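Comments concern the structure below.
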Amino acid sequence: VHLSQEEIQKLRFKPTVGTIQRSEGSDVKVNCSIDIHDVTQDLNILWFRNGKEIPEGMQTEVYTQGAVNLLSTI
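The sequence shown: position 12 = 12 (full-length UniProt numbering), numbered continuously.
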């Protein structure tokens with residue numbers, strides 16, 4: 001789906017945590033979400049960390065009540 005500039009500006013990242021400190025090599029589970037006004041659209045959402053796309057095998061998307069939640073182990 002292609003979004004207009006106005007629709008893109010409506011998307012909002014919903015931060016859930018601040019800084020996470022873990023030992024190197026430890027798994028970190030994060031939950032990121034964005035508000036989407038029309039979840040019936042065929043969406044292709046790409047999630048990035050440090051400028052690199054998070055591989056699909058490391059993430060699960062859950063669509064609920066106008067929000068997309070990403071559950072990921074990185």
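We put the CB at the ideal spot given by N, CA and C, even for glycine.
Because the structure is a prediction, the values reported are computed rather than measured.
Note to self: Is K29 a contact residue of the ligand SAM, with contact defined as CB to any heavy atom under 7 Å?
What the structure shows: Among the components modelled here there is no ligand, and therefore nothing to report on the ligand SAM.
Item checked: Where the alpha helix (DSSP H) through E56 begins and ends -> Element bounds for E56: n/a, residue is neither H nor E.
Notebook entry, point to check: Cα separation between K29 and E6?
Noted result: 32 Å
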